[in-house]
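**Student:** Going left to right, the sequence shown walks through residues 7 to 271 as the numbering used here numbers them. Glycine residues also receive a C-beta, built at the ideal position from the N, C-alpha and C atoms.
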Amino acid sequence: MDTHTLPNTLFSPTELVQFERDGYVVVRGMGGADICRRMLSATMEGVERLVEPIEYEADLNYPGAPASRSAQGGRTVRRLKQAHGRGPAFTEWLTSPGILHRMGQLLGPTVYVPLAHHNCIMTKAPAFSSDTGWHQDVRYWSFAQRELVNVWLALGPERLENGCLKVIPGTHRMTFQRSQFDDDLFFRDDLPENAPFIAQQVVVELDAGDVLFFHSRTLHAATRNRSERTKYSVVFTFRGPDSPPIPGSRSAALPELLLPPCIAE
Numbered sequence: 007m008d009t010h011t012l013p014n015t016l017f018s019p020t021e022l023v024q025f026e027r028d029g030y031v032v033v034r035g036m037g038g039a040d041i042c043r044r045m046l047s048a049t050m051e052g053v054e055r056l057v058e059p060i061e062y063e064a065d066l067n068y069p070g071a072p073a074s075r076s077a078q079g080g081r082t083v084r085r086l087k088q089a090h091g092r093g094p095a096f097t098e099w100l101t102s103p104g105i106l107h108r109m110g111q112l113l114g115p116t117v118y119v120p121l122a123h124h125n126c127i128m129t130k131a132p133a134f135s136s137d138t139g140w141h142q143d144v145r146y147w148s149f150a151q152r153e154l155v156n157v158w159l160a161l162g163p164e165r166l167e168n169g170c171l172k173v174i175p176g177t178h179r180m181t182f183q184r185s186q187f188d189d190d191l192f193f194r195d196d197l198p199e200n201a202p203f204i205a206q207q208v209v210v211e212l213d214a215g216d217v218l219f220f221h222s223r224t225l226h227a228a229t230r231n232r233s234e235r236t237k238y239s240v241v242f243t244f245r246g247p248d249s250p251p252i253p254g255s256r257s258a259a260l261p262e263l264l265l266p267p268c269i270a271e
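1. Would you mind stating whether A95 and I60 have Cβ atoms separated by less than 7 Å?
2. What does DSSP give as the partner residues of L159 in its beta bridges?
3. State yes or no: is the C-beta of D137 within less than 7 Å of the C-beta of P72?
4. What are the residues that DSSP puts in a beta bridge with V31?
5. Please return the same chain residues whose Cβ sits closer than 6 Å to the Cβ of S255, not counting the five positions on each side in sequence.
6. How should S222 be labelled, buried or exposed, when 16 other C-beta atoms within 10 angstroms of its C-beta is the threshold for buried?
7. DSSP on R55, reduced to helix/strand/coil?
8. So A73 is in the beta strand (DSSP E); what residue range does that whole segment cover?
9. Nearest-angstrom Cα distance between P247 and Q183?
10. DSSP state of A259, grouped into three classes?
11. With N61 as the anchor, note down where its beta strand (DSSP E) starts and where it stops.
12. Assuming the contact rule is C-beta atoms closer than 8 Å, A227 and W158 should be a hit. Round their C-beta distance to whole Å, please.
13. Check for me: the alpha helix (DSSP H) holding T97 runs from which residue to which?
14. Taking 7 Å as the threshold (C-beta atoms), are D28 and P202 in contact?
15. Using a 10 Å radius around the Cβ and a threshold of 16 neighbouring Cβ atoms, would you call T313 buried or exposed?
16. For the beta strand (DSSP E) that contains R108, what are its first and last residues?
17. Give the straight-line distance between the Cα atoms of K172 and V208, rounded to the nearest whole angstrom.
18. Using the rule of at least 16 other Cβ atoms within 10 Å of the residue's Cβ for burial, across every protein chain shown, is S249 buried or exposed?
19. Quick one: measure Cβ to Cβ for V155 and L113, integer angstroms, because I've assumed they're closer than 8 Å.
20. What are the complete alpha helix (DSSP H) segments, minimum 4 residues, inside the segment 152 to 205?
21. Looking only at its chain, what residues have a beta carbon closer than 6 Å to the beta carbon of R232, apart from the 5 residues adjacent to it on each side?
22. Span of the beta strand (DSSP E) holding T138?
23. What does H226 pair with, by DSSP beta-bridge criteria?
24. Decide if L191 is buried, meaning its Cβ has at least 16 other Cβ atoms within 10 Å, or exposed.
25. Output yes or no for whether 7 Å exceeds the beta carbon distance between M36 and G93.
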């Protein structure tokens with residue numbers, strides 16, 4: 007296939023340079039209105055009916071979260087797990103040309119979707135949402151190599167007010183000491199040596215249909231939702247053949263999807 011006929015499904019040379027340098031890139035309007043609408047419909051059904059598997063804000067005890075599921079706001083949903091099984095729109099999204107061809111550029115022609123990590127719909131409700139500290143997504147993951155890419159699709163506006171993501175450019179290429187992280191592997195914001203990195207943070211504001219691609223080692227964080235409306239985002243993770251999950255680990259606990267052949271350029 008002639009890749010030059012696919013200008014809307016490939017990263018531009020500038021975007022590829024940015025991803026390599028900064029560990030993230032945003033593609034505006036990549037998710038079409040129809041697929042976003044269908045994903046949001048499935049999301050609302052899952053939230054309203056509490057369709058398991060679900061992670062509640064109270065489960066993680068992050069700052070701002072209810073103390074327990076029995077406390078006020080304790081049944082506030084943090085994320086709907088196993089998004090891939092919640093409707094055909096999610097499979098359509100994973101196999102859309104915009105995903106396949108861009109993943110081909112970043113990871114090569116053979117791409118897998120681990121279902122044990124992400125594969126979820128992130129929900130951030132007012133009043134009982136929480137703060138997520140600076141972290142790398144690979145902190146609890148077990149893969150032969152840590153070269154994975156996350157794809158974050160906004161189903162509505164994402165602003166600083168409602169807890170959009172913040173990233174620290176270039177941290178996917180850096181090596182940090184264990185002492186720079188706390189016991190839960192969050193990058194410590196109380197250490198003077200970490201301050202110069204945190205000072206470089208970038209707020210990633212998105213509109214519905216915008217997509218954030220970011221490396222699994224890129225440091226990122228988010229505050230709680232201080233608006234009056236819940237924020238929804240769909241998140242999947244992708245890997246190439248050289249980064250398989252380590253047998254017996256949590257990363258290997260669920261099957262993976264092998265995507266159709268991707269364009270690599």
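**Tutor:** The relevant details are as follows:
1. The residue labelled residue 95 in the question sits at position 89 within the sequence shown. The residue labelled residue 60 in the question sits at position 54 within the sequence shown. Not a contact, by the Cβ cut-off of 7 Å.
2. Counting from 1 along the sequence shown, the entry for residue 159 is found at position 153. Per DSSP, V217, V240.
3. Taking the sequence shown and counting its residues from 1, one reaches residue 137 at position 131. Taking the sequence shown and counting its residues from 1, one reaches residue 72 at position 66. Contact flag unset, no.
4. Looking up residue 31 in the sequence shown gives position 25. DSSP lists F219 as partners of V31.
5. Against the sequence shown, residue 255 aligns to sequence position 249. Cβ neighbours of S255 beyond the five flanking positions: S148.
6. Residue 222 sits at position 216 when you count from the first residue of the sequence shown. S222 comes out buried.
7. For the purposes of this step, residue 55 is taken as residue 49 along the sequence shown, with counting starting at 1. In the structure shown, R55 sits in a helix (DSSP, three-state: H, G or I).
8. Counting from one through the sequence shown, the residue named residue 73 turns up at place 67. A73 -> no beta strand (DSSP E), and no H or E assigned at all.
9. For the purposes of this step, residue 247 is taken as the residue at position 241 of the sequence shown. For the purposes of this step, residue 183 is taken as the residue at position 177 of the sequence shown. Between P247 and Q183, the C-alpha separation is close to 28 Å.
10. Residue numbering aside, residue 259 sits at position 253 when the sequence shown is read from its first letter. In this structure, A259 counts as coil in the three-state DSSP scheme.
11. Reading the sequence shown from its first residue, position 55 is the one you call residue 61. The displayed chain sequence assigns Glu, not Asn, to residue 61. 60 to 62 is the extent of the beta strand (DSSP E) around E61.
12. Translated into the one-based positions of the sequence shown, residue 227 becomes position 221. Translated into the one-based positions of the sequence shown, residue 158 becomes position 152. Incorrect: roughly 14 Å between the Cβ atoms, too far for contact.
13. Stepping through the sequence shown from its first residue, residue 97 is reached at position 91. First-last of the alpha helix (DSSP H) with T97: 94 to 100.
14. The residue given as residue 202 occupies position 196 in the sequence shown. The residue given as residue 28 occupies position 22 in the sequence shown. It is not a contact, given that the beta carbons lie outside the stated cut-off.
15. Here the chain covers residues 7 to 271 and nothing more, so residue 313 does not appear.
16. Along the sequence shown, read from residue 1 onward, the residue named residue 108 stands at position 102. It is not in any beta strand (DSSP E) - R108 instead sits in the alpha helix (DSSP H) that spans 103 to 113.
17. Looking up residue 172 in the sequence shown gives position 166. Looking up residue 208 in the sequence shown gives position 202. So the alpha carbons of these two residues sit roughly 5 Å apart.
18. For the purposes of this step, residue 249 is taken as residue 243 along the sequence shown, with counting starting at 1. It is buried - the Cβ of S249 has at least 16 other Cβ atoms within 10 Å.
19. As a first step, residue 155 must be located in the sequence shown, where it is residue number 149. As a first step, residue 113 must be located in the sequence shown, where it is residue number 107. Confirmed, Cβ separation roughly 7 Å.
20. 201 to 204
21. Indexing the sequence shown from 1 puts residue 232 at position 226. For R232, where only same-chain residues beyond five positions count, the Cβ hits under 6 Å are E167.
22. On the sequence shown, position 132 is the one that residue 138 refers to. T138 -> beta strand (DSSP E) spans 138 to 141.
23. The residue given as residue 226 occupies position 220 in the sequence shown. H226 pairs with H141, V173.
24. As a working note, residue 191 is residue 185 in the sequence shown. So L191 ends up on the exposed side.
25. As a first step, residue 36 is located in the sequence shown; it is residue number 30 there, counting from the start. As a first step, residue 93 is located in the sequence shown; it is residue number 87 there, counting from the start. No, they are not a contact pair.
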